[in-house]
Structures are given as structure tokens and as C-alpha cells.
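Encoded as C-alpha cells, the structure appears first; notes follow it.
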Amino acid sequence: MKNLIFPFTAIVGQEKVKKALILNAINPSIGGVLIRGDKGTGKTTAVRALADLLPSIKTVKGCPFNCDPEDEDSLCQLCKSRDSIEVEEKKMRVVELPLGSTEDRVVGSLDIKKALKEGIKALEPGILAEANRNILYVDEINLLDDHLVDVLLDAAAYGVNYVEREGISISHPSRFILVGTMNPAEGELRPQLADRIGLHINVETIQDVKERVKIMARRERFEEDPEAFRREFQKEQEKLLERVLNARKLLSHVKIDEKLLELIARICVNVGVDGHRADIAILKASKAIAAYNGRTRVLPEDLEEAVELVLGERIPERSYARQDVKRQIQRAKGEMGQEEFGEFEDEAMGGENPPPDEKGYGGESRQPSLGSADLKMAPNPGERTIKEEEVDIDLKKILKFKGKKNRRLYGSRVESKTEKGKYVKSKMLKGKSKDIAIDATLRAAALKSKGRIMVEPEDLREKIRKHGARASIALVVDISGSMFTDQKAAKIKNILNKIIQDAQRHKDKLSVIGFKGRKAEIIIPATKRAQSFQQKVDNIRVGGTTPMAHGIKKGLEILKEEKKREEYVPVMLILSDGMPNVGIEGRPIQDVMELGRELNKNEIHTVVINFERKFQQGRNINMELAMLSGGRYYDLDQLEDPSLAIPRIMDYERGQF
Numbered sequence: 323m324k325n326l327i328f329p330f331t332a333i334v335g336q337e338k339v340k341k342a343l344i345l346n347a348i349n350p351s352i353g354g355v356l357i358r359g360d361k362g363t364g365k366t367t368a369v370r371a372l373a374d375l376l377p378s379i380k381t382v383k384g385c386p387f388n389c390d391p392e393d394e395d396s397l398c399q400l401c402k403s404r405d406s407i408e409v410e411e412k413k414m415r416v417v418e419l420p421l422g423s424t425e426d427r428v429v430g431s432l433d434i435k436k437a438l439k440e441g442i443k444a445l446e447p448g449i450l451a452e453a454n455r456n457i458l459y460v461d462e463i464n465l466l467d468d469h470l471v472d473v474l475l476d477a478a479a480y481g482v483n484y485v486e487r488e489g490i491s492i493s494h495p496s497r498f499i500l501v502g503t504m505n506p507a508e509g510e511l512r513p514q515l516a517d518r519i520g521l522h523i524n525v526e527t528i529q530d531v532k533e534r535v536k537i538m539a540r541r542e543r544f545e546e547d548p549e550a551f552r553r554e555f556q557k558e559q560e561k562l563l564e565r566v567l568n569a570r571k572l573l574s575h576v577k578i579d580e581k582l583l584e585l586i587a588r589i590c591v592n593v594g595v596d597g598h599r600a601d602i603a604i605l606k607a608s609k610a611i612a613a614y615n616g617r618t619r620v621l622p623e624d625l626e627e628a629v630e631l632v633l634g635e636r637i638p639e640r641s642y643a644r645q646d647v648k649r650q651i652q653r654a655k656g657e658m659g660q661e662e663f664g665e666f667e668d669e670a671m672g673g674e675n676p677p678p679d680e681k682g683y684g685g686e687s688r689q690p691s692l693g694s695a696d697l698k699m700a701p702n703p704g705e706r707t708i709k710e711e712e713v714d715i716d717l718k719k720i721l722k723f724k725g726k727k728n729r730r731l732y733g734s735r736v737e738s739k740t741e742k743g744k745y746v747k748s749k750m751l752k753g754k755s756k757d758i759a760i761d762a763t764l765r766a767a768a769l770k771s772k773g774r775i776m777v778e779p780e781d782l783r784e785k786i787r788k789h790g791a792r793a794s795i796a797l798v799v800d801i802s803g804s805m806f807t808d809q810k811a812a813k814i815k816n817i818l819n820k821i822i823q824d825a826q827r828h829k830d831k832l833s834v835i836g837f838k839g840r841k842a843e844i845i846i847p848a849t850k851r852a853q854s855f856q857q858k859v860d861n862i863r864v865g866g867t868t869p870m871a872h873g874i875k876k877g878l879e880i881l882k883e884e885k886k887r888e889e890y891v892p893v894m895l896i897l898s899d900g901m902p903n904v905g906i907e908g909r910p911i912q913d914v915m916e917l918g919r920e921l922n923k924n925e926i927h928t929v930v931i932n933f934e935r936k937f938q939q940g941r942n943i944n945m946e947l948a949m950l951s952g953g954r955y956y957d958l959d960q961l962e963d964p965s966l967a968i969p970r971i972m973d974y975e976r977g978q979f
């Protein structure tokens with residue numbers, strides 16, 4: 323199988339992906355790599371090639387957890403109990419975590435063969451055991467089940483996997499390089515897991531014709547004669563491996579100046595990252611880059627490259643290309659004092675590097691620097707782009723009423739009420755069920771049986787299944803005269819376009835109901851292709867009275883039908899200034915409140931968004947509606963462009979239903 327692995331140094335392009343993987347090989351504590359982008363761009367090839375490139379690891383012979391014999395503190399309980407330890411070498415592996423894995427398969431479970439044949443309680447190791455000291459690869463990581471994400475979070479946080487199954491309680495080391503790939507069009511990654519991953523990379527299909535020709539030619543040569551092709555790149559492979567090994571040795575000697583630490587902190591504060599993991603990832607990546615370049619001191623260009631790799635795709639709706647990174651660095655330098663920082667930089671550039679070793683590593687080896695012209699650029703802290711304003715939006719400030727939190731119904735894997743969906747784990751049987759988990763039932767019975775297995779009622783387990791669920795969003799929008807002016811009409815259309823794009827990206831259904839005059843009209847019928855109705859959005863005209871209750875009622879009718887089918891999670895999104903003046907029964911405000919109660923009764927997830935502050939007779943009708951419906955209320959009236967808040971709101975809401 324070794325000859326079937328494409329050489330790492332033969333991969334054309336995708337320099338960021340390759341560099342990110344190499345840095346994690348130098349220092350696995352960076353936290354892994356998240357790769358966003360197109361399919362078929364060589365992501366999996368690069369991951370497998372890296373594992374093949376790296377040297378073998380020493381393990382305790384016979385240990386299913388790949389324990390490190392030189393690290394006594396991290397040995398599993400089995401290895402600690404041994405009188406003597408034999409050592410063997412194993413090649414690093416890429417361990418894949420399939421999306422549909424059960425929790426038992428990932429964490430480990432009772433070895434049913436030993437339980438049945440020998441009556442012994444023993445652990446059958448899971449994927450986290452195989453992944454220890456290897457590369458854990460998760461394709462389409464954003465579609466991973468929530469219960470598996472929780473398991474990964476625990477293992478990533480502590481480097482240990484705790485297993486408590488059917489009377490077994492054991493822990494074992496589980497330190498791995500996590501590499502995840504995803505297509506953002508299929509949904510975002512859960513923030514808690516994204517935050518744990520150190521480097522965030524965006525990969526695109528190569529457009530350069532010559533590069534594409536080179537890819538085809540190399541692939542063809544590899545398939546014709548893999549051994550000859552690998553020999554062709556053997557020297558480059560050995561050279562790269564030696565460079566990585568030298569960097570590992572040098573890493574503990576790499577120092578970073580206090581001013582660069584302050585620069586990292588200021589950059590992370592300015593771009594608005596949550597928590598401190600990004601700061602630490604930049605620090606570790608900067609040191610790894612310096613070590614890779616044979617230096618014992620971090621230079622500004624190392625920091626620039628590290629910032630791009632860590633922050634490049636870390637913040638939703640915001641990408642940082644090299645020019646954006648330079649701008650943020652200049653801004654941070656300006657805050658610190660350009661003159662003072664310039665003196666430090668001159669000193670750093672003139673500092674001594676370790677002499678080259680006999681293999682030629684060490685000494686002066688730098689990435690392209692910022693350049694003197696860049697260093698003298700006058701920062702403009704007041705300069706703000708639209709994307710920067712979007713990053714600065716604080717959800718806590720615009721969310722005025724939270725309402726109730728529902729049981730999670732939305733996502734690629736939610737708990738099924740029926741026998742449909744994938745079996746992921748089991749639970750004790752309560753009442754009656756036709757969906758019995760035979761494997762879990764046998765394991766429970768085997769633990770107490772001697773010889774012949776006797777299944778008692780208390781041994782019965784039923785299956786917990788997960789299935790995919792999307793939303794059907796009824797967007798009820800105020801296009802009445804109370805919202806009239808060309809500027810406000812433009813705001814409505816901008817928000818509509820953001821919601822349409824968001825629904826399209828998450829493959830949700832969307833219907834748009836506009837209300838004005840004496841009635842409500844369906845602008846876009848319930849569809850998964852709302853983008854195709856763009857002309858109807860562009861042709862929206864505002865004016866007339868405000869029949870808010872009519873709009874909500876029509877949206878409720880659509881969602882009741884959706885609920886009957888049980889295919890989509892019904893969601894109502896109400897966009898209004900909360901100034902109803904036309905009612906169904908001649909009571910504009912009371913009718914709206916009655917419909918709020920109806921939404922709550924029918925368990926329709928409701929979101930009310932206000933972007934113009936107008937209170938009727940001292941009342942905030944929108945907030946009252948949110949309270950009665952059990953939903954949430956957002957106030958965007960302080961934002962110059964309210965549409966910028968929509969992606970943040972929708973991402974948050976999807977986590978609530």
C-alpha cells in the first residue's frame with residue numbers, strides 16, 4: 323500500500339495546506355488544520371502523503387492505544403500495570419472518522435466476543451484509540467453529529483479519552499493531529515469545535531493552466547508506475563523530512579520578543595476573535611515557522627504568515643488574505659507606536675541566527691518580508707470597511723429578548739422520533755418500542771450471564787437514531803407605508819437578499835410574505851430555490867397601511883402545512899417596525915397578540931426583527947409579540963446597514979431550533 327501513496331513533495335500548488343500540515347507535524351499542539359473549500363483539490367491526498375512522509379513512532383508492543391514508551395505519565399492503565407515494556411516501531415497513520423459512526427465505535431465499547439466466550443469485561447478500542455499519536459481525518463467535519471463533536475471536544479481538550487460503557491471504566495491517551503475538511507455551502511462548523519482547531523485554511527481550485535497540466539501529467543505518471551514516480555521524488559522527500567526533524571529539535575530553543583506578543587494580542591482584539599485560543603495558535607505557529615526556517619528567534623514575517631494561517635478563515639463571513647493581514651498588523655503597530663516598533667524590528671532583522679549545520683539547515687532562511695515601504699505606511703485606525711463593521715456586530719447588544727430554548731430540531735443529525743434515521747447509540751428501554759438495539763441488549767445481558775446468555779427485560783435497549791433536518795422559513799416582511807422612503811426600501815431588499823442567500827446556503831426552504839394596504843401577498847412561495855425569484859424581490863414596492871396580522875396569519879398557514887409533513891422545522895421570521903394599523907377583526911394590535919399566542923401554541927420557532935425604532939402609544943409591539951410567541955426579538959435600528967447582522971442572527975438561531 324505504501325507505493326500507492328502520492329509523494330508529499332510532488333503535490334502541485336495548495337501551498338497553504340501543505341505548510342499548515344507541516345507546521346502541525348513540527349508542533350502538534352498547534353491544534354490541527356481546518357480546510358474549507360472545493361472538493362477534488364488534493365486535501366485528502368496531502369493528508370495521507372504527510373503521514374507517509376513522517377518517520378515511524380515508537381510504541382509499546384501490543385498496546386491498542388499506541389502508548390509512547392518514553393512518556394510514562396501518559397501510559398494507559400494496561401501499560402502501567404505491566405512489569406516490563408517491549409518497544410516496537412509503527413508507521414504514522416491517517417485514521418478516518420466516518421460521519422455516520424456510532425458513539426461506541428468512536429469512543430470504544432465492551433468487547434462482546436470476550437464477554438461471550440470468556441466472560442471477561444474488556445474494552446474494544448474505538449477510533450480515538452487508533453488515532454492516538456496519529457492523524458485523525460474527518461471529511462465534511464461540519465456535518466459531524468453533535469454527540470460525536472462533544473466526544474472530539476473532550477479528547478482535544480484533555481488529550482485523554484474516558485470510556486464508561488456497560489460496567490467498564492477506563493481512560494487512555496488520545497493525542498492526535500486533527501485535520502478536518504468542509505464545504506461552507508453545506509453549513510458552518512460548530513463554533514466550539516472550530517475554535518479548538520489551530521489553523522484555518524481556504525483552498526480553491528487551481529486556475530493556472532500550466533499548473534493544471536502539471537497536475538494531470540504527474541498523476542498519470544504516478545498511476546503508470548508508482549514506484550518509479552516515488553523514486554523520482556525520493557531526494558526531495560528526504561530533504562523535507564530532515565528539515566521537519568531539525569525544526570522539531572530547534573523548536574524548544576525558539577524565542578519570541580515581548581513586543582511581538584503584544585502585536586499578536588492587539589491583532590486578535592482588533593479583528594474580534596472570541597477567547598484566547600487564536601492568540602496561542604498564532605504564537606505556536608510563529609515559533610514553528612521560525613524553527614522550520616532554521617531560526618531561534620521569531621521575526622515579523624513569521625508572525626505575518628502565522629496570522630494568515632490562524633485567522634484566514636476563522637471568523638464567519640470574514641476572510642483574511644495577505645493584504646488584510648498586513649493592514650491589521652499596521653493598525654496594531656500604529657497603536658503600539660510605529661517608531662518604537664521600528665527600532666525593535668531593526669534589531670530583530672540584524673540579530674544573529676544559528677550557524678548552518680552540516681546539512682545546510684539553520685542560518686538565514688526567511689519568508690518574503692513586509693518590506694520597508696510597508697513598515698512606513700501610516701495607519702488609519704478610523705478606517706472601516708463593511709466587512710469590519712460586520713465583525714464588530716455584538717449579538718448580545720442586538721438580542722433584546724431571548725425567549726424559550728427549544729429541544730434541538732435542526733441540523734445534519736438530530737434525534738429522530740421514528741424508526742427513520744441512522745442508529746448512533748442506545749438507551750435503556752422505557753415503555754414499548756419496536757426499535758430494539760440487539761447489540762447493546764446482548765452486551766448488557768452478557769455482563770451478568772454465566773455460560774448461556776439470558777436476556778431479561780431490564781437488559782433491553784432501544785436505538786437512538788439521528789436524521790437530517792432543514793428549516794422551512796416563512797419570512798413575513800412589512801412593506802407598508804410606515805416603512806416608506808427609498809432608503810428604507812433599500813434596507814428591506816438588502817435584508818431579504820441576505821436571508822435568501824443564507825437559506826440557499828443551508829438548503830432550507832423559504833417563503834416570503836409581504837403585507838401592506840389591506841392584505842398580505844405571497845412574494846415567494848415555499849421553495850428551496852428562492853434565488854430564482856430575485857426579480858420579484860427587486861420589484862417590491864412599498865406603501866399603504868400596515869396589516870401586520872394578515873401577514874403573520876398567512877405565514878402561519880404555510881408553516882402549519884409544513885408541520886404536518888414533518889419534513890422541515892417550521893420557522894417564522896417577522897421583519898417589521900411594529901406599527902400595525904389594520905386588523906383582521908378590526909383590532910390591529912390585539913389581532914397581532916392573538917397570533918403570537920397561536921404561534922406559541924403550535925410550537926412555531928419565531929424570530930422578530932426590528933430595524934426602525936417606533937413605539938405605538940409607548941408600547942414595543944415587536945417585543946410583546948416575541949414574548950407571547952416564545953421567540954426572540956432583535957433590534958437593529960442602531961446599525962447603518964442592518965443586513966450585515968443577518969448571517970450572525972441566523973447562525974445563532976439555527977443553534978436554537
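Position in the sequence shown (first residue = 1) + 322 = the numbering used here. Note that beta-carbon positions come from the ideal geometry of N, C-alpha and C, so glycine has one too. For clarity, every value in this text was computed on a predicted model and none was experimentally measured.
- For the pair K838 and V859, the Cα-to-Cα distance works out to about 15 Å.
- Taking Q399 as the centre and dropping the five residues before and after it, the same chain places the C-beta of I492, S493 and H494 closer than 8 Å to its C-beta, in chain order.
- L897 sits in a strand when the DSSP states are folded into three classes.
- P447 sits in a strand when the DSSP states are folded into three classes.
- For M504, the enclosing beta strand (DSSP E) covers residues I499 to M504.
- The bridge partners DSSP lists for K412 are I379.
- A Cβ-Cβ distance of about 6 Å is found for the pair Y974 and L717, placing them in contact under the 8 Å criterion.
- Beyond the five residues adjoining it in sequence on each side, H872 comes within less than 6 Å, by CB distance, of F837, K841 and A842 in the same chain, given in chain order.
- Beta-carbon to beta-carbon, I589 and Q650 are separated by about 5 Å, close enough to satisfy the 8 Å threshold.
- The shortest C-alpha to C-alpha distance from S496 to any of K532, L376, E627 and V429 is the one to V429.
- Following the DSSP letters along the chain, one finds P847 inside the beta strand (DSSP E) bounded by residues K841 to T849.
- The alpha-carbon of E560 is positioned some 20 Å away from that of I457.
- Rounded to whole angstroms, G803 and N464 show a C-alpha spacing of 43 Å.
- I720 sits close to D957, with the two beta carbons spaced by under 7 Å.
- A check of alpha carbon separations from D468 across L625, Q823, E510 and H828 identifies E510 as the nearest.
- Measuring C-alpha to C-alpha distances from T363 to each of I352, N349 and K338 identifies K338 as the nearest.
- The continuous alpha helix (DSSP H) containing G918 extends over residues P910 to K923.
- Between the stretch 377 to 390 and the stretch 400 to 412, the count of C-beta pairs closer than 8 Å reaches three or more; the two stretches touch.
- By the Cβ rule, the stretch 811 to 824 counts as touching the stretch 958 to 965, because three or more pairs are nearer than 8 Å.
- In this model, N524 and A613 are separated by some 24 Å (Cα to Cα).
- Annotation for D957: the continuous beta strand (DSSP E) segment containing it runs R954 to D957.
- Across the structure, G594 and A603 are spaced so that their CA atoms are roughly 15 Å apart.
- Partner residues in the beta bridge of I523, as assigned by DSSP, are I357.
- The continuous stretches of alpha helix (DSSP H) do not include N932, which lies in the beta strand (DSSP E) extending over residues H927 to N932.
- Two segments are said to touch when three or more pairs of C-beta atoms, one from each, lie closer than 8 Å; by this definition the stretch 543 to 563 touches the stretch 325 to 333.
- Rounded to the nearest whole angstrom, the CA to CA distance from E657 to K581 is 12 Å.
- DSSP lists R783 as the beta-bridge partner residues of M750.
- Of the candidates R787, V777 and A768, R787 places its Cα closest to the Cα of K747.
- Under the three-state reduction of DSSP output, L621 falls in the coil class, being neither helix nor strand.
- Exclusion of the five residues before and after I578 leaves V620 as the residues of its chain whose Cβ lies within less than 6 Å of its Cβ.
- Burial is judged here by how many other beta carbons sit within 10 angstroms of a residue's own beta carbon; Q809 has fewer than 16 and is exposed.
- A check of alpha carbon separations from D781 across I906, P391 and A759 identifies A759 as the nearest.
- Of the residues V893, I931 and I911, the one whose Cα lies closest to the Cα of N922 is V893.
- Two segments are said to touch when three or more pairs of C-beta atoms, one from each, lie closer than 8 Å; by this definition the stretch 528 to 536 does not touch the stretch 387 to 405.
- The beta carbons of L585 and A628 sit no closer together than 7 Å.
- Secondary-structure assignment with DSSP links S493 through a beta bridge to Y484.
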